[in-house]
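Student: Here the sequence shown stands for residues 30 to 279, where the numbers follow our numbering.
Think of the CB as a built atom: it goes at the ideal place given N, C-alpha and C, for glycine as much as any other residue.
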Amino acid sequence: MRNRNKLAAITIAFVCYFWINSIQPAAAMHIMEGFLPLKWAIFWWVLVLPFLAAGLRSIQKTIKEHPETKMMLGLAGAFTFVLSALKIPSVTGSSSHPTGVGLGTVLFGPLAMTVLGTIVLLFQALLLAHGGITTLGANAFSMAVAGPLITYVVYKGCRKMNIGFTAAVFLAAFLGDLGTYTLTSLQLALAFPAEIGGVLASFMKFAGIFSLTQVSLALCEGILTVIVMNWLLKYNTNELKQLSIVEKGA
30 MRNRNKLAAI TIAFVCYFWI NSIQPAAAMH IMEGFLPLKW AIFWWVLVLP FLAAGLRSIQ
90 KTIKEHPETK MMLGLAGAFT FVLSALKIPS VTGSSSHPTG VGLGTVLFGP LAMTVLGTIV
150 LLFQALLLAH GGITTLGANA FSMAVAGPLI TYVVYKGCRK MNIGFTAAVF LAAFLGDLGT
210 YTLTSLQLAL AFPAEIGGVL ASFMKFAGIF SLTQVSLALC EGILTVIVMN WLLKYNTNEL
270 KQLSIVEKGA
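#1: Would you report the Cα separation of G278 and M142, rounded to the nearest angstrom?
#2: For G208, count neighbouring Cβ atoms within 10 angstroms of its own Cβ and tell me buried if that reaches 16, exposed if not.
#3: Is A158 helix, strand or coil by DSSP?
#4: Count the other CB atoms within 10 Å of the CB of I252; is the residue buried (16 or more) or exposed (fewer)?
#5: How about L115 and G133: do their beta carbons lie closer than 7 Å?
#6: State the Cα-Cα distance for the pair P79 and H95, rounded to the nearest angstrom.
#7: Could you tell me whether the Cβ atoms of E268 and E97 are closer together than 7 Å?
#8: Give me the residue from F203, L215, L102, Q89 with the minimum Cα distance to H126.
#9: Let me check understanding here. Comparing Cα to Cα, which of V198, G160, F64 lies closest to C187?
#10: When the Cα of A105 is compared with those of T147, L200, T211, which residue comes out closest?
#11: Count the other CB atoms, across all protein chains shown, that sit within 10 Å of the CB of N168; report buried if there are 16 or more and exposed otherwise.
#12: What is the DSSP secondary structure of S125, reduced to helix, strand or coil?
#13: Measure the Cβ-Cβ separation of L140 and A83 and say whether it is below 7 Å.
#14: Relative to the C-alpha of T213, which candidate in P222, Q271, A201, A236 has its C-alpha closest?
#15: Is it a yes or a no for the segment 66-80 touching the segment 161-181, going by three-plus beta-carbon pairs under 8 Å?
#16: By alpha-carbon positions, which one of I192, K93, L136, I88 ends up nearest to V275?
#17: Could you please give me the residues that DSSP links to G227 through a beta bridge?
#18: Between F239 and the rest of its own chain, which residues show a CB-CB distance below 6 Å, the 5 nearest in sequence each way excluded?
#19: With DSSP run on the structure shown, which of helix, strand or coil describes S87?
#20: Excluding sequence positions up to five away, which residues of its chain have a Cβ less than 7 Å from the Cβ of A230?
#21: For the alpha helix (DSSP H) containing V174, list its first residue and its last residue.
#22: How far does the alpha helix (DSSP H) with Q153 in it extend, from its first residue to its last?
#23: So for E268, helix, strand or coil by DSSP?
#24: At what residues does the alpha helix (DSSP H) containing N191 begin and finish?
#25: Note down, in chain order, each residue of its chain lying with its Cβ closer than 7 Å to the Cβ of L151, except the 5 sequence neighbours on either side.
#26: How would you label M258, buried or exposed, when you count the other beta carbons within 10 angstroms and need 16 or more for buried?
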């Protein structure tokens, strides 16, 4: 019970921190409502729907087998909600933000994180005017599908190579963040190819806009994800054992 109370407290702290910072005006990096041509908006929606369906089944299975992890699932969603809503001006004249998908991906896998990430993006579109409904498919595919998949592959790969848990979590969150922005740059390049150089030239332009700021943000996100994960290791060991994050004999 004590662990659950502490987990609830940190979840509330994340939400409060978000509301405090959300009153400051900032431009969202999410692709805004109506920005993508209709065919591309539909294309990304179609791609993301199968992942959402699989993610819902994954969450249902986890909750059925390990109902004690519900609070931790909420923490993962709150963590993503807070980090992805913090808009930071970019040195290149745009704005960037962390993604926050690393924590939930390590805990529950990429499919579950697809659902959490899409819900986060939906609330941001409806309540904060960050992103939009027509572009939700594109935003979800980059942040809630590609980001978690990259995070998961990196994390599992690091563990198989006997890289330490802390380093594996950091690298997974770091590269998952960068992967999200790389795909977003590709999405914009596909929709708006340059007159000279086509998609590749456009991709280099969009990627260059975010790259300088995003590397530092990805580093910070990796560190913060490690801090929260270590906190969970200390106070929620039993839940992590149920999720096979920690060996049950440890």
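Tutor: On the basis of the data shown:
#1: Note on G278: pLDDT 46, under 50, position unreliable in the model; the coordinate value appears next. Rounded to whole angstroms, G278 to M142 spans 27 Å at the Cα level.
#2: buried
#3: coil
#4: exposed
#5: no
#6: 24 Å
#7: yes
#8: F203
#9: V198
#10: T147
#11: buried
#12: strand
#13: yes
#14: A236
#15: yes
#16: L136
#17: A223
#18: S125, Y210
#19: helix
#20: A223
#21: Segment: none, V174 is in no alpha helix (DSSP H) and carries neither H nor E.
#22: Neither: Q153 is in no alpha helix (DSSP H) and is coded neither H nor E.
#23: helix
#24: Run containing N191: none; DSSP gives neither H nor E here.
#25: L165
#26: buried
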